[in-house]
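Asks: The structure that follows is given in the form of structure tokens.
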Amino acid sequence: MANKLTTNQGTPVPDDQNSLTAGARGPSLLIDDHLLEKLAHFDRERIPERVVNARGAAAFGTFRPEPGLHQFTKAVVFSRDKETPVAARFSTFTHSRHSPETVRDPRGFAVKFYTTEGNYDLVGSSLPVFFIRDAMRFPDLVHALKPDPVTGLQDPHRIFDFLSFAPECTHMLIWLYSDRGIPADYRHMEGYGVHTFIWTNVKGDQRYVRYRWKPAAGVQYLSAEDAEAVQAKDFNHATRDLSASLARGGTVEFDLYVQLMQPKDEASLAWDPLDVTKLWPEEAYPLLRVGHLTLNRGPVNDFAENEQLAFAPSAIVPGIDLSADKLLHGRSFAYPDTQRHRLGANYEPSTGGDTLPTGLPLAHPVGVDGHVTRERIPKSDDFMQAGITWRRFDESLRLSVIKNLGDELSRVSNQEVVDTIVGFLSRADALLGEGVRRRARGDLPDPAILMQPAAPTQSPASSA
Ligand code: HEM
Numbered sequence: 019m020a021n022k023l024t025t026n027q028g029t030p031v032p033d034d035q036n037s038l039t040a041g042a043r044g045p046s047l048l049i050d051d052h053l054l055e056k057l058a059h060f061d062r063e064r065i066p067e068r069v070v071n072a073r074g075a076a077a078f079g080t081f082r083p084e085p086g087l088h089q090f091t092k093a094v095v096f097s098r099d100k101e102t103p104v105a106a107r108f109s110t111f112t113h114s115r116h117s118p119e120t121v122r123d124p125r126g127f128a129v130k131f132y133t134t135e136g137n138y139d140l141v142g143s144s145l146p147v148f149f150i151r152d153a154m155r156f157p158d159l160v161h162a163l164k165p166d167p168v169t170g171l172q173d174p175h176r177i178f179d180f181l182s183f184a185p186e187c188t189h190m191l192i193w194l195y196s197d198r199g200i201p202a203d204y205r206h207m208e209g210y211g212v213h214t215f216i217w218t219n220v221k222g223d224q225r226y227v228r229y230r231w232k233p234a235a236g237v238q239y240l241s242a243e244d245a246e247a248v249q250a251k252d253f254n255h256a257t258r259d260l261s262a263s264l265a266r267g268g269t270v271e272f273d274l275y276v277q278l279m280q281p282k283d284e285a286s287l288a289w290d291p292l293d294v295t296k297l298w299p300e301e302a303y304p305l306l307r308v309g310h311l312t313l314n315r316g317p318v319n320d321f322a323e324n325e326q327l328a329f330a331p332s333a334i335v336p337g338i339d340l341s342a343d344k345l346l347h348g349r350s351f352a353y354p355d356t357q358r359h360r361l362g363a364n365y366e367p368s369t370g371g372d373t374l375p376t377g378l379p380l381a382h383p384v385g386v387d388g389h390v391t392r393e394r395i396p397k398s399d400d401f402m403q404a405g406i407t408w409r410r411f412d413e414s415l416r417l418s419v420i421k422n423l424g425d426e427l428s429r430v431s432n433q434e435v436v437d438t439i440v441g442f443l444s445r446a447d448a449l450l451g452e453g454v455r456r457r458a459r460g461d462l463p464d465p466a467i468l469m470q471p472a473a474p475t476q477s478p479a480s481s482a
């Protein structure tokens, strides 16, 4: 049975070929969210690099939780004794796709859990805190960190000029400018969820939670001098290390820990546990081991499995929620928004596809003049004008259509597709269809033969 064609949100598509219109001839309706999403995707379907965290490396594997976590969360990824497939991506934060991996920069530590309840993305960092706490400042932070648009050079003046207005960055600067600011590679760094999330169990009990990944290989980092030495030899060392470790048949492993807090405790704290510029002291909120991540393969194709990976802090599952954290709320908008721009779409119909719209009736409210419907316009003849135009062309243009279309179709391996297109052309003009069919088969080295002894004489009814 064919799979159902769904929107990006996973809801069934009733009709993928006809726009929603007021009456069969239109006009189109703005509430046609499927049309808008399809066109919006199309408008943006060339893939630019990520606006931040562009330089990264991916790996794949599984996550297995510790037993007993159902008392804290009903999320199946943690509460059931079973493995969940994962995709992980490690990255630098500031610079572009092929930039050095030896920079002093927070590293991205993103893990996508493909759970049975949908994807859960934990999109974290190698450092436990962040520069700012309000999403409103993030674009300015990034602009300050990126190269100066005038000189093309990263400029400490711009960075620190901005940060001088952001005293909340102080904690982050301590971490970043320690040797922890340059992890040795991706196998030897910790990962932090940074934000506070909420876990809910089946009874509805809630706890604040913070996450921490610890590398099985131990934590290692580079001094500024070590980093210079590594970079002099190989500025891709972290990606190379990760892929070489996996290519040798090895695994890269991390333990996941959490810190838990009763929400009622926050009133008694002198600091805000939802603030990303703050840590939760381990003495008061000890680390609880909750699972183990085993990465066992690298990307088969870097473009498909690294460039096109898309994480979003808004991708959460039942049992896990976002806390009231303004940075996190800004992030939950920004990632799906940039991905609409960054990632392409897949279209149907296709002879190779097995996804179908549901054909379900419309659920839109009706309140327009005419019937709200998805159907072709009544006078939909797709071929008559095409034939007229072709016949109106002079002989050299007519021949060029046969040659160019025939040659293009000769590169289409699916004969059903070729036959369908040729069928359309034949309905426009039998000679045109015949010419393209033969050219595509390699039977018509010189299309001019077709025109002998005389070209068709029908004249156009109107200018096409
Ligand atoms: C308001 C604050 C933030 C905004 C608006 C923001 C925005 C973005 C955007 C637009 C991307 C590119 C996503 C893509 O193209 O798929 C990105 C990537 C990323 N961000 Fe943020 N970010 C913010 C804060 C943070 C923080 C605090 C962390 C760490 C805790 C973080 C970790 C990451 C990671 C790991 C990636 C790369 C994901 C991947 O590997 O594809 N970001 N961010």
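Under the working numbering, the final residue of the sequence shown carries the number 482; numbering is consecutive throughout. The beta carbon of each residue, even a glycine, is placed where N, CA and C say it ideally should be. Model, not experiment: these values are computed from the prediction.
(1) What does DSSP give as the partner residues of residue 338 in its beta bridges?
(2) Which of helix, strand or coil does DSSP assign to residue 231?
(3) Report yes or no: do the stretch 227-237 and the stretch 198-211 share at least 3 C-beta pairs separated by less than 8 angstroms?
(4) Could you give the distance in angstroms between the alpha-carbon of residue 48 and the alpha-carbon of residue 54?
(5) For residue 358, list the residues DSSP reports as bridge partners.
(6) Look at the alpha carbon of residue 167 and the alpha carbon of residue 431, and state the distance between them as a whole number of angstroms.
(7) Once DSSP output is grouped into helix, strand and coil, what is the label at residue 313?
(8) Where do the N-terminal and C-terminal ends of the beta strand (DSSP E) with residue 279 fall, by residue?
(9) Between the C-alpha atoms of residue 57 and residue 320, what's the straight-line distance to the nearest angstrom?
(10) Roughly how many angstroms separate the alpha carbons of residue 38 and residue 248, rounded to a whole number?
(11) If you draw a straight line from the alpha carbon of residue 215 to that of residue 67, how long is it in whole angstroms?
(12) Find the nearest neighbour of residue 488 within the set 439, 161, 259 and 169, judged by alpha-carbon distance.
(13) If residue 465 sits next to residue 427, beta carbons under 8 angstroms apart, how far is it from one beta carbon to the other, in whole angstroms?
(14) Measuring CB to CB, does residue 93 end up less than 8 angstroms from residue 439?
(15) Let's see if you can read the secondary structure: which residues bound the alpha helix (DSSP H) around residue 414?
(16) From 348, 403, 186 and 128, pick the residue whose C-alpha is nearest to that of residue 447; which is it?
(17) Between which two residues does the alpha helix (DSSP H) harbouring residue 195 extend?
(18) Would the stretch 171-186 count as touching the stretch 254-261 if we require 3 or more Cβ pairs under 8 angstroms?
(19) What residue ranges within the stretch 112-193 form continuous beta strand (DSSP E) runs of no fewer than 3 residues, ordered along the chain?
(20) If you draw a straight line from the C-alpha of residue 459 to the C-alpha of residue 405, how long is it?
(21) Taking the alpha carbon of residue 196 as the point to measure from, which residue in 276, 183, 467 and 240 has its own alpha carbon closest?
Replies: The structure says:
(1) For the purposes of this step, residue 338 is taken as residue 320 along the sequence shown, with counting starting at 1. DSSP output for residue 338 lists 217 as bridge partner(s).
(2) As a first step, residue 231 must be located in the sequence shown, where it is residue number 213. In the structure shown, residue 231 sits in a strand (DSSP, three-state: E or B).
(3) yes
(4) Residue mapping note: residue 48 aligns to position 30 of the sequence shown, counting from 1. Residue mapping note: residue 54 aligns to position 36 of the sequence shown, counting from 1. Taking the straight line from one Cα to the other gives about 8 angstroms.
(5) The residue labelled residue 358 in the question sits at position 340 within the sequence shown. Answer by DSSP bridge pairing: none, since residue 358 is not bridged.
(6) Residue mapping note: residue 167 aligns to position 149 of the sequence shown, counting from 1. Residue mapping note: residue 431 aligns to position 413 of the sequence shown, counting from 1. C-alpha separation (whole angstroms): 47 angstroms.
(7) Here residue 313 refers to the residue found at position 295 of the sequence shown. The answer is strand: DSSP assigns residue 313 an E or B state.
(8) For the purposes of this step, residue 279 is taken as the residue at position 261 of the sequence shown. Its beta strand (DSSP E) spans residues 270-279.
(9) Residue 57 sits at position 39 when you count from the first residue of the sequence shown. Residue 320 sits at position 302 when you count from the first residue of the sequence shown. Their Cα atoms are separated by approximately 27 angstroms.
(10) On the sequence shown, position 20 is the one that residue 38 refers to. On the sequence shown, position 230 is the one that residue 248 refers to. Between the alpha carbons of residue 38 and residue 248 lies a gap of roughly 58 angstroms.
(11) Indexing the sequence shown from 1 puts residue 215 at position 197. Indexing the sequence shown from 1 puts residue 67 at position 49. If you take the alpha carbons of residue 215 and residue 67, they lie about 29 angstroms apart.
(12) Not covered by the structure: residue 488. The range shown for the chain is 19 to 482.
(13) The count along the sequence shown starts at 1 and reaches residue 465 at position 447. The count along the sequence shown starts at 1 and reaches residue 427 at position 409. The Cβ separation is near 13 angstroms, so there is no contact.
(14) Counting from one through the sequence shown, the residue named residue 93 turns up at place 75. Counting from one through the sequence shown, the residue named residue 439 turns up at place 421. Not closer than 8 angstroms, so no.
(15) Here residue 414 is taken as the residue at index 396 of the sequence shown, counted from 1. Taken as a continuous stretch (DSSP letters only), the alpha helix (DSSP H) holding residue 414 covers 413-427.
(16) Counting from one through the sequence shown, the residue named residue 447 turns up at place 429. Answer by Cα proximity: 403.
(17) Position 177 of the sequence shown, counted from the first residue, corresponds to residue 195. Unbroken alpha helix (DSSP H) run through residue 195: 188-195.
(18) no
(19) 125-133 and 136-143
(20) By 1-based counting over the sequence shown, the position of residue 459 is 441. By 1-based counting over the sequence shown, the position of residue 405 is 387. C-alpha separation (whole angstroms): 22 angstroms.
(21) Translated into the one-based positions of the sequence shown, residue 196 becomes position 178. Nearest option by C-alpha distance: 240.
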